[in-house]
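A.B. asks: Can you read through this structure? Questions will come right after.
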Amino acid sequence: MIVMQYSFTLPANYDMQIIRNRITESGHKLNGFPQLIFKGYLYSIKDDNELGAPKENQYAPFYLWESNEGMISFLANPGYQQLEKDFGRPRISYGIPITYSNKTSLTSAKYLKKEVIHISRDSNIADIIEQERALDTDTLSPIENSLVAYISSLDPEQWLLTRWTFWTSQTVERKEITDVLSRDWFHIGYLAQ
């Protein structure tokens, strides 16, 4: 599997209804795309209190692929070419999933929280993988009813660990991690599968 994300930072006065309309009109087109496990059409709106008042407007789709072949096919697809024509060519981030599990239908998720954590040079990668797999089990306990899925991924080029959590409601967890490089909340406008 491979996780992939790109994002476009949009002007502060950009009408984000344009992005919502784009998602509504085109989101379904990736349903059934070969080797796509899912695509989350993510966006955030500047100063949206529901998301903790992000500093920017963003359109930031997130993908989980079965393999690199699906990802390559997508990048050669006319739909992606249209995206480049509309917004420019993005820098694409990708990583190797360590864990992926969900306890209910992913389509019930309305929010995604992305946390990026730097892996220090003295960290033991095997320990990190073991901790992430244990955290996955703990995170998806029945106590957290609004959490529906969890993915953690490793970027071995930049030595970053990214945690992607999918929620039915935006919530502040009891145990917020403090050593993150970034923490961002997004609306999930549509989930293609």
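So the mapping is simple: my numbering equals the position in the sequence shown, first residue as 1, plus 176.
C-beta: ideal position from N, C-alpha, C; glycine also.
Model, not experiment: these values are computed from the prediction.
(1) Which complete beta strand (DSSP E) runs does the segment 184-213 hold, if anything under 3 residues is left out?
(2) With a 10 Å radius around its C-beta and 16 neighbouring C-beta atoms as the bar for buried, classify A188 as buried or exposed.
(3) I need the DSSP call for T283, collapsed to helix, strand or coil.
(4) So, using beta-carbon positions, are L282 and G246 closer together than 9 Å?
(5) Would you mind reading off the limits of the alpha helix (DSSP H) that contains N278?
(6) Let me make sure I understand the geometry here. Which of T185, D262 and L240 has the alpha-carbon closest to that of P230?
(7) Once you ignore the five residues that flank P269 on each side, which residues in its own chain have a CB closer than 6 Å to its CB?
(8) Quick one, are the C-beta atoms of A285 and W343 less than 9 Å apart?
(9) Going along the chain, which residues of its own chain have a beta-carbon closer than 8 Å to the beta-carbon of S322, five neighbours each way excluded?
(10) Rounded to a whole number of angstroms, what is the C-alpha to C-alpha distance between F362 and K289?
(11) From the DSSP output, in three-state form, read off S299 for me.
(12) Where DSSP assigns a beta bridge to A119, which residues make up the other side?
C.D. replies: Judging by the given coordinates:
(1) 184-186
(2) Your numbering for residue 188 matches position 12 in the sequence shown. Burial call: exposed.
(3) Within the sequence shown, the letter at position 107 stands for residue 283. Here T283 sits in helix by DSSP.
(4) Taking the sequence shown and counting its residues from 1, the one referred to as residue 282 is at position 106. Taking the sequence shown and counting its residues from 1, the one referred to as residue 246 is at position 70. The answer is no: Cβ separation not under 9 Å.
(5) Within the sequence shown, the letter at position 102 stands for residue 278. Counting along the chain, N278 falls outside any alpha helix (DSSP H), though it belongs to the beta strand (DSSP E) covering S269 to N278.
(6) Numbered from its first residue, the sequence shown carries residue 230 at position 54. Checked all of T185, D262 and L240; the closest Cα to P230 is T185.
(7) Here residue 269 corresponds to residue number 93 of the sequence shown, with the count starting at 1. A small fix is needed here, since residue 269 is Ser in this sequence, not Pro. Within the same chain, S269 has close Cβ partners Q181.
(8) Residue 285 sits at position 109 when you count from the first residue of the sequence shown. Residue 343 sits at position 167 when you count from the first residue of the sequence shown. Yes, these two residues count as a Cβ contact at 9 Å.
(9) The count along the sequence shown starts at 1 and reaches residue 322 at position 146. W343, T344, S345 and T347, listed in sequence order.
(10) The sequence position of residue 362 within the sequence shown is 186, counting from 1. The sequence position of residue 289 within the sequence shown is 113, counting from 1. Computed Cα separation, rounded: 6 Å.
(11) Translated into positions along the sequence shown, residue 299 becomes position 123. Correct three-state label for S299: coil.
(12) What is shown of the chain runs 177 to 369, which leaves residue 119 out entirely.
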